[in-house]
Amino acid sequence: MTDSLILVINCGSSSLKFALQPVAGGAPLLSGLAECLGTADACITFKSAAGKERCSLEGGAHDAALESVIGHVRKQGLLDRVAAVGHRVVHGGERFNGSVLIDDEVETAIEACIQLAPLHNPANLLGIRVARQALPALPQVAVFDTAFHQSMPRAAYLYALPMTLYREHGVRRYGMHGTSHRFVAAETASMLNLPAEHGIVIAHLGNGASATAVKNGVSVDTTMGMTPLEGLVMGTRSGDIDPGSIAYIAERLGLDLAGVDTLLNKQSGLLGLSGLSNDCRTLEEAAAEGHEGAKIALEVFAHRLARHIGGLAMSLDRVDAIAFTGGIGENSSLLRQMTCAHLKALGVTLDSSANQQCVRGQAGRIDAGQGPAVAVVATDEEGMIALDTARLAGLAGLGALAA
Numbered sequence: 001m002t003d004s005l006i007l008v009i010n011c012g013s014s015s016l017k018f019a020l021q022p023v024a025g026g027a028p029l030l031s032g033l034a035e036c037l038g039t040a041d042a043c044i045t046f047k048s049a050a051g052k053e054r055c056s057l058e059g060g061a062h063d064a065a066l067e068s069v070i071g072h073v074r075k076q077g078l079l080d081r082v083a084a085v086g087h088r089v090v091h092g093g094e095r096f097n098g099s100v101l102i103d104d105e106v107e108t109a110i111e112a113c114i115q116l117a118p119l120h121n122p123a124n125l126l127g128i129r130v131a132r133q134a135l136p137a138l139p140q141v142a143v144f145d146t147a148f149h150q151s152m153p154r155a156a157y158l159y160a161l162p163m164t165l166y167r168e169h170g171v172r173r174y175g176m177h178g179t180s181h182r183f184v185a186a187e188t189a190s191m192l193n194l195p196a197e198h199g200i201v202i203a204h205l206g207n208g209a210s211a212t213a214v215k216n217g218v219s220v221d222t223t224m225g226m227t228p229l230e231g232l233v234m235g236t237r238s239g240d241i242d243p244g245s246i247a248y249i250a251e252r253l254g255l256d257l258a259g260v261d262t263l264l265n266k267q268s269g270l271l272g273l274s275g276l277s278n279d280c281r282t283l284e285e286a287a288a289e290g291h292e293g294a295k296i297a298l299e300v301f302a303h304r305l306a307r308h309i310g311g312l313a314m315s316l317d318r319v320d321a322i323a324f325t326g327g328i329g330e331n332s333s334l335l336r337q338m339t340c341a342h343l344k345a346l347g348v349t350l351d352s353s354a355n356q357q358c359v360r361g362q363a364g365r366i367d368a369g370q371g372p373a374v375a376v377v378a379t380d381e382e383g384m385i386a387l388d389t390a391r392l393a394g395l396a397g398l399g400a401l402a403a
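In terms of the UniProt record's numbering, the sequence shown opens at residue 1 and continues consecutively.
Now the structure itself:
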C-alpha cells in the first residue's frame, strides 16, 4: 500500500480545494481549486508537476466540481491508487475531540452542528455526501477544525453568560484552525528542539486569522470563539468588538441581524479599515505609497495580534516560542516585524535579516537570540488531514507522511 493515495477535500461555501497526497509522504501528485461554484464563472484549476490546467464548470456546483476532480484523477491513471478520502470539517461542536471515520451517524452529527457554523458546515457536509456517493467503497474521514481546541479548560471556553445558554444551546468558545495549529505546534517543537514541557503561541494569519496557546502540545486557549468572527482582525471580519456597539450600529444604520452579520463578517477587518482591500499584499504596497487607510489597517492588525499574543502567553507556564504561519504569517515580513515590535514586554527580539528572508515558503527562526524563539513555520493542513485519514483507514506509510 506504499503507493496508495489519499484524496483530501476541503469544501467552502462556493469553492472546493483538493489534494492527492501520497501515503508514503512527499508533495501532492495533484491539487487544485474550484471557484465561483454555482455561478456562470464556475471553474476549476488543476496543478501537477506537468503544470496548470484550467477548465470551466459552466455554472456547476460542488457535485460537478467533485465529479470533475474524480474524472481528472481517473484520466491521470491515479484513481485506482486512491485508498481513502479525508474531509475538512469546520465545526464538530463538543461531539468530536478528534478525527473520525464517517458513517451515517457521523454525518447526522455534523449536520446538527450547522447552526454553529452556518457558512461552513453545509458545504463541508455536501462534499462528504457527494464523495460518499461517488466513491462508496472507500473509507472517508472527517477532520474537524474545532477538535484540537476541545482540550481547553472551562475557564477558557465559557462565556460569562447564563449557564443555561451553554447547557441547552451549546453557546461557548470552540476555536477554529485546529488542524493548522496542531501541525504547527508539532513542527515548531521539532524545529526548535523544545523540551517535553514547553509553551508556544501560534499565529495562523490569513484572510481568516487566529492565535492559540499550546502547552506541551495541547491547546489551552485560542482567539476564535463560538464562530470564526471572534478574536483577531481578519481580511473582512472585525474580530473582537464591543457587543454593546452592535445595537448602536444597527439602530444608527437601520440594520437587522442579517445586515449586522454581513457588516461584521464581510465588510470589516482589513477591508473596512483600509477602504481599499482585504489583501495584505495590496495593503502593504499601498501603505508604502502613502495610502493612509492601508497604514491604519496594518497598524490595527499588528496591535490586535500582539495584544492577543500577550494575553495567550498568560495561559502558559512558559513561553518558549512564538510561531507565525498561514499566508500572511509565512510571507509578510512587515507584519511580523510590526507585531514583534509590540512584544518587548515578553522579551521578544527580531533579527531583521532573518525576518526578511523568510518569505515564499522559507521557514526558520527570525529572533535575535534573546527572549522567546520566534519562528516562521509553513503549515500543512492537507498533510495533516491525510495523516489522520491514513491512520484511521489503517494504511501504511504513516511515518513517512508525518515526516
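For every residue, glycine included, the Cβ atom is placed at its ideal position computed from N, Cα and C.
Short Cβ contact (9 Å threshold) for glycine 293 with threonine 222: It is not a contact, given that the beta carbons lie outside the stated cut-off.
Distance between alanine 287 and phenylalanine 96 (C-alpha atoms, nearest Å): 43 Å
Candidates Met191, Arg129, Gly98 and Asp3: closest to aspartate 388 by CA position: Gly98
Close beta carbons around alanine 186, own chain, < 8 Å, minus the five adjacent residues each side: Gly217
Sufficient close CB pairs (3 or more, under 8 Å) joining the region 148-160 to the region 104-122: no
Any 3 or more C-beta pairs closer than 8 Å across the region 22-39 and the region 54-61: yes
In DSSP terms, what proline 22 is bridged to: Leu5
Buried/exposed call for arginine 237, threshold 16 Cβ in 10 Å: buried
Residue environment, proline 195, which counts as buried when at least 16 other CB atoms sit within 10 Å: Looking at its Cβ environment, which holds fewer than 16 other Cβ atoms inside 10 Å, proline 195 is exposed.
C-beta atoms of alanine 142 and glycine 92 nearer than 9 Å: Going by C-beta atoms, alanine 142 is nearer than 9 Å to glycine 92.
Inter-residue spacing [alpha-carbon to alpha-carbon] between glycine 399 and tyrosine 157: Annotation note: pLDDT 43 at glycine 399 (below 50); position unreliable, coordinate value reported separately. Straight-line Cα distance between these residues: approximately 33 Å.
Buried/exposed call for leucine 22, threshold 16 Cβ in 10 Å: The amino acid at residue 22 is misidentified as leucine; the sequence shows proline. It counts as buried.
Residue from Ala368, Arg318, Leu305 and Lys266 whose Cα sits closest to the Cα of leucine 119: With distances taken between Cα atoms, leucine 119 lies closest to Lys266.
Those residues which DSSP pairs with phenylalanine 96 across a bridge: In the DSSP output, where bridge partners are listed per residue, phenylalanine 96 has none listed.
C-alpha distance - leucine 335 paired with tyrosine 248, whole-angstrom precision: 32 Å
For glutamate 53, three-class secondary structure by DSSP: strand
Cβ-Cβ distance between methionine 226 and arginine 172 below 9 Å: yes
Test item: CB-CB of glutamate 67 and alanine 134 under 9 Å: Annotated as proximal: glutamate 67 and alanine 134, with beta-carbon spacing under 9 Å.
Selection from Cys280, Ile110, Pro139 and Glu330 that minimises the alpha carbon distance to alanine 386: Pro139
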